[in-house]
Each structure stands twice: as structure tokens, then as C-alpha cells.
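What follows is a short report on a single structure.
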Amino acid sequence: MPNLECRMYEAKYPEVDMAVMIQVKNIADMGAYVSLLEYNNIEGMILFSELSRLRIRSVSSLIKVGRQEPVTVLRVDRDKGYIDLSKRRVSVEDSQACEERYNKSKLVHSIMRHVAETLVIDLEELYIHIGWPLYRKYGHAFEAFKIIVTDPDSVLDALTREVKEVGPDGQEATKVVRAATPEVKDALVRNIRRRMTRQPLEIRADIEMKCFQFDGVLHIKEAMRKAEAAGNDDCPVKSKLVAPPLYVLTTQTLDKEQGISILNNAIKACSGAMERHKGKLAMKEAPRAVSERDDKLLAERMAKLQSANTEVDGVEGSEEEVEIHERVKLMWRNLALAWPIKQNGQAD
6 MPNLECRMYE AKYPEVDMAV MIQVKNIADM GAYVSLLEYN NIEGMILFSE
56 LSRLRIRSVS SLIKVGRQEP VTVLRVDRDK GYIDLSKRRV SVEDSQACEE
106 RYNKSKLVHS IMRHVAETLV IDLEELYIHI GWPLYRKYGH AFEAFKIIVT
156 DPDSVLDALT REVKEVGPDG QEATKVVRAA TPEVKDALVR NIRRRMTRQP
206 LEIRADIEMK CFQFDGVLHI KEAMRKAEAA GNDDCPVKSK LVAPPLYVLT
256 TQTLDKEQGI SILNNAIKAC SGAMERHKGK LAMKEAPRAV SERDDKLLAE
306 RMAKLQSANT EVDGVEGSEE EVEIHERVKL MWRNLALAWP IKQNGQAD
């Protein structure tokens, strides 16, 4: 079986003052023994005096077995393999940078390990020829992987390695070949695209629109068209009726911030159209990213409301007849609400 255990970075040990991600393995009398997750789980130690700047009342409140967190490297004895760490000396900025780097490295490591396991090759050899050269060239292999999603040839075909071959004359010669064989390249590209291709997000806003003018329904439709016109090719805006007076505006985009901004503009355009006709728009739920579960709940809600309306109305006939009936009923309701009433109850 090939070796599937390897550190994430070319350096065997971290540098002093560097923030690293650890996992607590055991708590002893003088401190806690931890594993450095980015360095193939080599062991390090955090003394109790390095847990906090404040007086320690309870060690269990500061460190627990199994917890993962960033710490600072104090000393590294490369000969004996001892690594002393500190939790109290890591700054907030270093902690955030460490977590971001570790999350990227963990994804890269997962892809590399899966390729090595699938092709039955040594993981460290894969890192030597592909992973670590990408770290050196791009600062982090994650940045190279993002380019591979759309343009794998420009990244992988540029990597080379030297191999020794025996020529016809029996002499050993060095030959430069591509670092990634066709099988390795295909497996890498396939796994990177599967794990790193961005999926479009659905952004949704829930609004409530009311207009008691004679042509209130038409004014609401006009406002919905204004909202849809605020979208673009990258973020098309769609409007949907849930049940009067509740409506939803949705868009799909790869950029969450852009999607939220587009929906906010759509709501402003919709609100302006309603105000021109003395209607009102109220925000029920601000634009936010929603999941498939949210969509399912919305669909179930719409189905229940539609079913309830059908049961109450008791209207039979074709869909066209039902729609005409609904329009007439809504027209009379709007007319009744908009018609001035005298104090004695007589219509003016």
C-alpha cells in the first residue's frame, strides 16, 4: 500500500513565532500535549504557564482534549523533535490568518490524498513533484487550484521534474519530463473541479405589497416588472406571488454581495413604483442567501395557501374560469376598500 501520510508544507518543522493549527491530545501534569495538524501530526507541548495571560483558575476552561485552535511556536528543537507552543501569545490577527491558511491547506491536502489513494501512489511523492512546487510558485497551492478549475494546462504543464534513464550506450542520462503524468493530471483536474467549482447562491427577499387604488392589481404588477428590470445577465431578478399581499424576489449569483446589492436595488425600484400609485411596500425579510431547505419550505407554504384558497372558494371549472373569478373578486374587494363611506354607512 502507498504511503498516504504526509505534512502539508515542504518544511518539516514550523518556524519560531509562526501561528500553527493544533489539536489537543492529552493533558498532563505540566501542560498539554498537542498534534500539529499541518505537519503530519508531529507532537508539541503547551505549558500551563503559556495558556493565558491571566491567572488560571481552571485548566479545563482554557484547553480541552480534541479542541482545534491556533497557537504560536516558541521553540523548535529539530534534533530532538521538541516543539514548545504558546496559546497566550498568539494575536487575534495571527489567529485569523492561521485559520484561513489551514482551511485552504486542508482542502488542498484532501484533494491530494484522494488522488494518491485513487491512483495508488505515494502522497509525499505527489507533494514533492506537484504540491510543494505550486506552494512555492503561487504562495499557496489553493491559489493554483483555483486557476486549474478553468485553465489546468497553464498550471500543470509548466511543472517539470528530472528522471534518470539508461541510454542505448548503457550510460545513465537525466531527462526533464512533465511532473504530472496524464493519469495524475486527469485525476487532479477532476477532483479539483468537483471540490472547488463555485455553486451559484440563491438570494431571496420577502416583501409585502398593498395598493387599494381601483387598478391596484395592475400597479402591483408594474412594480414587480420594475423590480425585475433592476437585474442583469449575471443576477437576473425574478418575482413570485406567495399569497396576497406577500411576494418574494429572488436572484441566483456566484457573488453573494452582488446578489444582495441587486435585490436591494430591485426593492427600491419596486417601492418607488408603489409610492407613485399610493401603494405601500413593507420589507418582511431582507435579502439573504437561502438554502434548498428554505426553498422547500416556501414551496410547501405556497401549496398550503393555494389549497386553502381552493377549499374556501369552492369554485369549480377550468383554470381560466377560476382565474377570472379571482380577478373579479379581487376587483370588487379593491373597489370596496377604495370607495369612500359616509358616517351613516351610505356609499358616497
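Numbering-wise, the sequence shown is residues 6 to 353 according to the numbering used here.
Glycine included, each C-beta is placed from N, C-alpha and C at the ideal position.
**OP:** Name the one or two DSSP bridge partners that alanine 248 has.
**Re:** For the purposes of this step, residue 248 is identified with residue 243 of the sequence shown, where counting begins at 1. Note: alanine 248 sits in a beta bridge opposite Leu251.
**OP:** Throw me the rounded Cβ distance for the aspartate 211 and leucine 161 pair, which I believe falls under 8 Å.
**Re:** Counting from 1 along the sequence shown, the entry for residue 211 is found at position 206. Counting from 1 along the sequence shown, the entry for residue 161 is found at position 156. Not quite, the Cβ-Cβ distance comes to about 46 Å (not below 8 Å), so this is no contact.
Subject >> Where glutamate 189 falls: helix, strand or coil (DSSP) >> reply: Locating residue 189 in the sequence shown gives position 184, counting from the first residue. For the sequence presented, residue 189 should be read as valine rather than glutamate. Residue state, collapsed to three classes: helix.
Original post:
What is the residue span of the alpha helix (DSSP H) that methionine 1 lies within?
Top reply: Here the chain has residues from 6 to 353 only, and residue 1 is not among them.
Original post:
Between which two residues does the alpha helix (DSSP H) carrying glutamine 101 extend?
Top reply: Your numbering for residue 101 matches position 96 in the sequence shown. It spans 97-124 - the alpha helix (DSSP H) in which glutamine 101 sits, taken as one unbroken run.
Original post:
Of the residues Tyr107, Met288, Pro173, Arg62, which one's Cα is nearest the Cα of glutamate 213?
Top reply: The residue labelled residue 213 in the question sits at position 208 within the sequence shown. Checking every option, the nearest Cα to that of glutamate 213 belongs to Met288.
Original post:
Is the segment 186-206 touching the segment 157-174 in the sense that three or more CB pairs, one from each, lie closer than 8 Å?
Top reply: yes
**OP:** Measure how close the beta-carbons of isoleucine 68 and alanine 24 come, nearest whole angstrom, since I'm counting them as under 8 Å.
**Re:** As a working note, residue 68 is residue 63 in the sequence shown. As a working note, residue 24 is residue 19 in the sequence shown. Isoleucine 68 to alanine 24, Cβ: 16 Å. No contact.
**OP:** Quick one: which unbroken beta strand (DSSP E) runs of 3-plus residues sit fully inside the segment 42-98? Chain order, please.
**Re:** Runs found: 47-52, 73-82, 87-91.
**OP:** Would you list, in sequence order, the uninterrupted alpha helix (DSSP H) runs of no fewer than 4 residues that lie entirely inside the segment 137-198?
**Re:** 137-143, 146-153, 157-161
Subject >> Helix, strand or coil at methionine 229 [DSSP, three-state] >> reply: One-based indexing of the sequence shown puts residue 229 at position 224. Residue state, collapsed to three classes: helix.
Original post:
When you compare only the Cα positions, how much space is there between valine 115 and tyrosine 14?
Top reply: Within the sequence shown, the letter at position 110 stands for residue 115. Within the sequence shown, the letter at position 9 stands for residue 14. In the sequence on display, residue 115 carries serine and not valine. One C-alpha to the other measures close to 13 Å.
**OP:** State the beta-bridge partners of glutamate 10 as determined by DSSP.
**Re:** Along the sequence shown, one-based indexing puts residue 10 at 5. Glutamate 10 pairs with nothing; no bridge assigned.
Subject >> Residue nearest to serine 110 in terms of C-alpha spacing, selected from Arg293, Tyr44, His224 >> reply: In the sequence shown, counting from the first residue as 1, residue 110 sits at position 105. Of Arg293, Tyr44, His224, the residue nearest in Cα terms is Tyr44.
Original post:
Taking all protein chains shown into account, do 16 or more other C-beta atoms lie within 10 angstroms of the C-beta of alanine 185, making it buried, or fewer, making it exposed?
Top reply: If you number the sequence shown from 1, residue 185 lands on position 180. Burial call: buried.
Original post:
Per DSSP, methionine 35 forms a beta bridge with which residues?
Top reply: As a working note, residue 35 is residue 30 in the sequence shown. Bridge partners of methionine 35: none, in fact.
Subject >> Per-residue burial, aspartate 7 [other beta carbons within 10 Å of its own, 16 or more giving buried] >> reply: For the purposes of this step, residue 7 is taken as the residue at position 2 of the sequence shown. Per the sequence shown, residue 7 should be read as proline rather than aspartate. Flag for proline 7 reads exposed.
Original post:
Is it a yes or a no for the segment 255-263 touching the segment 236-243, going by three-plus beta-carbon pairs under 8 Å?
Top reply: yes
Subject >> Where valine 222 sits in the DSSP three-state scheme >> reply: The residue you call residue 222 lines up with position 217 of the sequence shown. Looking at valine 222 - three-state DSSP - the assignment turns out to be helix.
Original post:
Taking the C-alpha atoms as reference points, what is the distance between arginine 80 and valine 194?
Top reply: The residue you call residue 80 lines up with position 75 of the sequence shown. The residue you call residue 194 lines up with position 189 of the sequence shown. So the alpha carbons of these two residues sit roughly 39 Å apart.
**OP:** Can you have a look at phenylalanine 147 and say buried or exposed, based on whether 16 or more other CB atoms are within 10 angstroms of its CB?
**Re:** Taking the first residue of the sequence shown as 1, we reach residue 147 at position 142. By the neighbour-count rule (16 or more Cβ atoms within 10 Å), phenylalanine 147 is buried.
**OP:** Return the Cβ separation of methionine 90 and valine 39 in integer angstroms, given the expectation that the two are a contact with Cβ distance under 8 Å.
**Re:** The sequence position of residue 90 within the sequence shown is 85, counting from 1. The sequence position of residue 39 within the sequence shown is 34, counting from 1. It is worth fixing the name first, because residue 90 is leucine in this sequence and not methionine. With 8 Å as the limit, leucine 90 and valine 39 qualify as a contact, their Cβ atoms being about 7 Å apart.
Subject >> Short Cβ contact (7 Å threshold) for alanine 235 with methionine 279 >> reply: Locating residue 235 in the sequence shown gives position 230, counting from the first residue. Locating residue 279 in the sequence shown gives position 274, counting from the first residue. Contact: no.
Original post:
Who pairs with alanine 287 in a beta bridge, going by DSSP?
Top reply: On the sequence shown, position 282 is the one that residue 287 refers to. For alanine 287, the pairing in a beta bridge is given by DSSP as Glu213.
Subject >> Three-way DSSP call (helix, strand, coil) for lysine 30 in this model >> reply: Position 25 of the sequence shown, counted from the start, is the residue given in the question as residue 30. Three-state result, lysine 30: strand.
Subject >> 8 Å contact criterion, which tyrosine 107 and methionine 50 should meet: CB distance rounded >> reply: Within the sequence shown, residue 107 is the residue found at index 102, counting from 1. Within the sequence shown, residue 50 is the residue found at index 45, counting from 1. So it is not a contact: roughly 20 Å between Cβ atoms.
**OP:** Compute the Euclidean distance between the alpha carbons of glycine 175 and phenylalanine 150, then round it to the nearest angstrom.
**Re:** To locate residue 175, count along the sequence shown from 1; it is residue 170. To locate residue 150, count along the sequence shown from 1; it is residue 145. Their Cα atoms are separated by approximately 41 Å.
Original post:
Do you know how far the Cα of lysine 85 is from the Cα of valine 29?
Top reply: Here residue 29 refers to the residue found at position 24 when the sequence shown is read from its first residue. Here residue 85 refers to the residue found at position 80 when the sequence shown is read from its first residue. About 21 Å.
Original post:
Going by other Cβ atoms of all chains shown within 10 Å of its Cβ, with 16 needed for buried, is glutamate 321 buried or exposed?
Top reply: Against the sequence shown, residue 321 aligns to sequence position 316. Confidence at glutamate 321 is low in this model, with a pLDDT of 47, below 50, so its placement is unreliable and no value can be given for it.
**OP:** From the DSSP output, read off the bridge partner residues of alanine 294.
**Re:** Residue numbering aside, residue 294 sits at position 289 when the sequence shown is read from its first letter. DSSP lists Ile208 as partners of alanine 294.
Subject >> tyrosine 140 burial status per 10 Å Cβ neighbour count (16 or more: buried) >> reply: Sequence index remark: in the sequence shown, residue 140 carries index 135 (1-based). Looking at its Cβ environment, which holds 16 or more other Cβ atoms inside 10 Å, tyrosine 140 is buried.
**OP:** Name the two residues that bound the continuous alpha helix (DSSP H) containing glutamate 130.
**Re:** Locating residue 130 in the sequence shown gives position 125, counting from the first residue. Here the alpha helix (DSSP H) through glutamate 130 covers 128-131.
Original post:
According to the Cβ coordinates, are histidine 134 and arginine 166 closer than 7 Å?
Top reply: By 1-based counting over the sequence shown, the position of residue 134 is 129. By 1-based counting over the sequence shown, the position of residue 166 is 161. Cβ atoms of histidine 134 and arginine 166: closer than 7 Å.
Subject >> Cβ separation of alanine 121 and leucine 9, assumed to be a contact under 8 Å, to the nearest whole Å >> reply: Translated into the one-based positions of the sequence shown, residue 121 becomes position 116. Translated into the one-based positions of the sequence shown, residue 9 becomes position 4. Indeed, because the Cβ distance is near 6 Å, the residues count as touching under 8 Å.
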